[in-house]
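Reviewing the structure listed below.
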Amino acid sequence: MLLFFESMATALFNPFYNFRFTGTVRPVYPLSPRRIIPQEIQRPDYAEDGIPHSEKLRESLTIKILTPDEQDSMRTVCKLAREVLDIAAAAIRPGITSDEIDAIVHEETIKRGAYPSPLNYREFPKSVCISVNEVICHGIPDQRKLEEGDIVNLDVSLYYKATKLDFAYFSHAAGDSQETYPVGEISEDSKKLIRTTRQCLDAAIAICKPGTLFRDLGKVIEPIARAQGCSVVRSYTGHGINNLFHGAPNNIAHYAKNKIAGIMKPGMCFTIEPMINLGPSWDVDHWPDNWTAVTVDGKRSAQFEETLLITETGVEILTAGKPREDLK
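Position 259, counted from 1, in the sequence shown is what UniProt numbering calls 259; the numbers after and before it change by one each time, with no gaps.
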C-alpha cells in the first residue's frame, strides 16, 4: 500500500486537461522544486518576492548610454551566457526532459558565480525558458521528454555581479541569448523556419549602427519572413539590457510599419529577438500557467536572440556564438 501511494505522489499529469490546446505539446507536471541559489551569489531585486522593483522605479523613455566600464561588464556576462547556452544545447536529444535541461542551465550558471535571471522574475518558476514546437516563448521546463522531430528554443539569461579591484567598482549586468535547435531529424518546414528566423535576426543586426532608427529593424525582418511563408510575432519585442533585465527601449518591434521611437547611439545595449511563426498568423494564445505563449493555429514557431552593443563604427554582438552547420 505504501508503494502505491508513493507512485501516486510522483505520477505525471497535465494540470490543464480541460484547456483547449492549439497544438500537440502538453505540459507534464509536477514541476520540480525551486532550485537553490548559493548564498554567496548576488541576487537581483526580484529574487525573493518576484517583483522587479528596479525596473518599475526606473521606467523611462531615456535609453541608457553605457560607460566603458559598464560595457566591459556586459561583455563579461554575455560571454558567460553564451557558454551556458552552448552547454545546455549540447544536451538536447530525444528523451531528455526540459526540466533536466533546466537543471543543467541552473548548475552551469551558479558555477560561474551568476544568477539565472528568469528564476522568480515575475514569479517565473524556473532558471531558463524552454519553448517546444508551437510554443513561441516563455515555456516552463517540466517533465515532458523531447521527441525526435521537435524543435526547441533555449532562452538563457544571466545576472552577474562583476568586481574589478583595479577600478574599485562593483557592477551588476544582465546577459540574454537564445537559439532554436532541432531534436534529431526534423521536417523540411521546421528546417526552413529555423533558417528563416536566423536570417531575420542576422539581417536586422547588419543595419545596426549609430544613426539607425529602432523602428527600421522591422522593415528588414518582416519581408524576409513573409517571403518564406512565415509571420512575425508582434506581442513580444526586444528590449534594452544592462543593469536591468529589461530596460529602455522596452519595445523593440520586429515587424514593419511600427512606430517605435529612438535612434541608435554608441554605448546603447539592447536585444533583438524575432519570433517567427510558420504560416500567416502572428497572433498569440496563452496556456493557463500565464506564461506559455503559443501560436493560435498550432503551427511551429522559432526564435533567435542576441545582445548587441552599438559602437562608434557599427555594432558588437556580445552573445555571438560559433556558426551552426544546420543554419548554413
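Backbone N, C-alpha and C define an ideal beta-carbon position, used for all residues, glycine too.
- Per the Cβ contact rule, the region 97 to 107 is not in contact with the region 273 to 284 (fewer than 3 Cβ pairs under 8 Å).
- Rounded to the nearest angstrom, the Cβ distance from residue 81 to residue 31 is 24 Å, too far for a contact under 8 Å.
- When 301, 38, 318 are compared, the shortest CA-CA separation from residue 205 is found for 318.
- Take residue 261, set aside five residues on each side of it, and no residue of its chain has a beta-carbon closer than 6 Å to its own.
- Spatial neighbours of residue 189 in its own chain (CB-CB distance under 8 Å, excluding positions within 5 residues in sequence) are listed in chain order as 278, 300.
- For residue 22, the closest alpha carbon among the candidates 282, 115, 84, 134 is that of 134.
- Taking the CA atoms as reference points, residue 186 sits about 30 Å from residue 256.
- Remark: C-beta atoms of residue 27 and residue 14 approach each other more closely than 8 Å.
- Around residue 253, the same chain offers 218, 237, 260 as residues with beta carbons nearer than 6 Å, after the five sequence neighbours per side are excluded.
- Sequence-distant partners of residue 131 (beyond 5 residues in either direction) whose C-beta falls short of 6 Å from its own C-beta, in its chain, are 137, 139, 153.
- With the rule of 3 Cβ pairs closer than 8 Å, the region 71 to 87 counts as touching the region 310 to 327.
- When rounded, the separation of the alpha-carbon atoms in residue 291 and residue 224 is 28 Å.
- A Cβ-Cβ separation of about 14 Å leaves residue 127 out of contact with residue 245 under the 8 Å criterion.
- For residue 144, the closest alpha carbon among the candidates 48, 25, 77 is that of 25.
- DSSP places residue 33 in no alpha helix (DSSP H); its state is neither H nor E.
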